[in-house]
Amino acid sequence: LEWNRKRGAVYLTAGIGYGKTKLAAFDKAELDAGIVATNAIKVSSFVPPAWKIRRDNDRLRTLTDGGGVLPMAYAYRTSKSEKMAAAAVIGINDDKKRASIIAECAISGKTKDEARKEAEKCVKEAFAFRDWKLNATKKISVETGPKKGWYACALVAAVFFPE
């Protein structure tokens, strides 16, 4: 696929999951985020200029239910003993012909507000490196802690889907 030439949408989402294993907690967090059955290809930081940014977990569930392969920028933290948080921020470029920038952060022992501030700091710095003007931001964050005897997972993701 020629991802940069197509229009599409990035679905910004977050989820929390619990399980007896780390993998099960991660899988439940994906389900909570609306990511049903997708093989993720981890990507980094940029949303192509023509792509929309959406927050629609019902639509995301429909799009990710077929076992396909999709690019995702994501971060997660799993623990059985401490609280954790995850946040994703998309900095929207003022120049509609340039990419927007994604920053994601997953940390232990901190709140979702602290994770979000860290991701916002990364977006602002990335824009400054390029002398780009930041127009607005889209943000999502979650926090959780383990339940007795269970792993917990905090997950954020930006799921790329061509349209």
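So the sequence shown is numbered by my numbering: it starts at -15 and just counts up by one. Here a beta-carbon is modelled for each residue, glycine too, at the ideal position from N, C-alpha and C. Predicted, not measured: the structure shown is a model, and the values here were computed from it.
* Asked: Between V20 and the rest of its own chain, which residues show a CB-CB distance below 6 Å, the 5 nearest in sequence each way excluded?
  -> Cβ within range, chain order: R45, T48 and D49.
* Asked: Using 8 Å as the threshold, is the region 0 to 9 in touch with the region 21 to 39, meaning 3 or more CB pairs across them?
  -> no
* To do: Output yes or no for whether 9 Å exceeds the beta carbon distance between A103 and V31.
  => In this structure, V31 does not lie closer than 9 Å to A103 by Cβ.
* To do: With distances taken Cα to Cα, identify the nearest neighbour of V126 among I74, E109 and T95.
  => T95
* Find the nearest neighbour of G133 within the set L54, K64, S28 and A24, judged by alpha-carbon distance. => It is K64 whose Cα lies nearest to the Cα of G133.
* Asked: What does a CB cutoff of less than 8 Å around A110 pick up in its chain, not counting 5 residues either side in sequence?
  -> S29, G75, I85 and A87
* Grab me the residues of K81's own chain with a C-beta within less than 6 Å of its C-beta, minus the 5 sequence neighbours each way, in chain order. => P33
* Asked: Taking Cβ positions only, does A21 come closer than 9 Å to chain C?
  -> Checking the listed chains, one finds no chain C in this structure; it contains a single protein chain.
* Where N23 falls, given that 16 or more other Cβ within 10 Å makes a residue buried -> exposed
* Asked: When burial is assigned at 16 or more other CB atoms within 10 Å of the CB, is F113 buried or exposed?
  -> exposed
* Could you give the C-beta distance for A72 and I124, rounded to a whole number, given that I count them as a contact under 8 Å? -> The Cβ separation is near 5 Å, so the contact holds.
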